[in-house]
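Going by my numbering, 277 is the number at position 62 of the sequence shown; the sequence numbering is gapless.
Glycine is no exception: its CB is placed at the ideal position from the N, C-alpha and C atoms.
Note that the coordinates shown come from a computational prediction; the quantities given were computed from them, not determined experimentally.
Data block below; observations after.
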Amino acid sequence: LLPLALSVLSDILHCVPVELAAGCPDMSAELERCRVELPGHDHFTLQPKSDASGAETGLMEIRGYHASRGESNRTVCLIPVSAHGTNPASAAVSGMKIVTVKVHKTGAIDIADLKARCEEHAKNLSAIMITYPSTYGVFDEDVREVCDVVHKHGGQVYLDGANMNAQVLLCRPGDYGADVSHLNLHKTFCIPHGGGGPGMGPV
């Protein structure tokens, strides 16, 4: 982390002209390459300044996707009991109605309950927010089926990247069906967190 503490980086204002920030565009481009490659998505934004605002941004992207298809009514967000604890707050702030999905004693998402909730809210299903591995530390073997069931009912899959480190070089959210995800850069990229540090939750 020493390079981040060098004054040539730490003293640069966010609105400085590009010609006065030599090297910064190159670092941003490299971060973009890594950020797209790790989760297996097509694009990303560094605009969110924390993982919480990243979650809200991602959910608003999903709402925008549905609105672009004339389906603004899709506001139900499914949240498994095993998801990250901040997910219900993110969904609520994004104007979504929260519906809980049960999990088994093993921590795996209850597929039967997921299907029932999807059927119940099929016309208004917007998304499911999953954390993978879950906050129980479980790599849910049915994660692809979870994604497929939600997609079948018109919803999108949002992956909370709180535990992304456990997936690096093993699997990628985009490959098993996640449509949107955020990364906690203070974890996956080891940047300083808190105390005025450069918190960021790219989506």
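- Residue environment for Arg284: exposed (fewer than 16 other C-beta atoms within 10 angstroms of its C-beta).
- Excluding the 5 residues flanking it on each side, Gly310 has no same chain C-beta neighbour closer than 6 Å.
- Residue burial is scored here from C-beta neighbours: Ser287 has fewer than 16 other C-beta atoms within 10 angstroms and is therefore classed as exposed.
- Apart from the 5 residues on each side of it in sequence, Ala298 sits with its Cβ closer than 8 Å to the Cβ of Met344, Ile345, Thr346, Ser349, Thr350 and Asp375 in its chain, given in chain order.
- Between Ile326 and Cys292, the beta carbon gap of about 18 Å keeps them out of contact (Cβ cut-off 8 Å).
- Residue state for Lys317 is assigned as coil, using DSSP reduced to three classes.
- Distances from the alpha-carbon of Gln371 to those of Arg359, Lys320 and Pro240 put Arg359 closest.
- Residue environment: Asp355 is assigned as buried (16 or more neighbouring CB atoms within 10 Å of its CB, all protein chains considered).
- Around the C-beta of Gln382, 16 or more other C-beta atoms lie within 10 Å, and the residue is accordingly described as buried.
- Excluding its 5 nearest sequence neighbours in each direction, Val296 has C-beta neighbours in its own chain below 8 Å: Thr315, Val316, Lys317 and Val318, listed in chain order.
- DSSP places Leu398 in no alpha helix (DSSP H); its state is neither H nor E.
- The region 241-256 makes no contact with the region 274-283, as fewer than three CB pairs between them are under 8 Å.
- Counting only the Cα atoms, Lys330 lies some 9 Å from Val361.
- For Met344, there is no enclosing alpha helix (DSSP H); the enclosing beta strand (DSSP E) covers residues Leu340 to Thr346.
- Going by C-alpha positions, Leu385 is about 20 Å away from Ile324.
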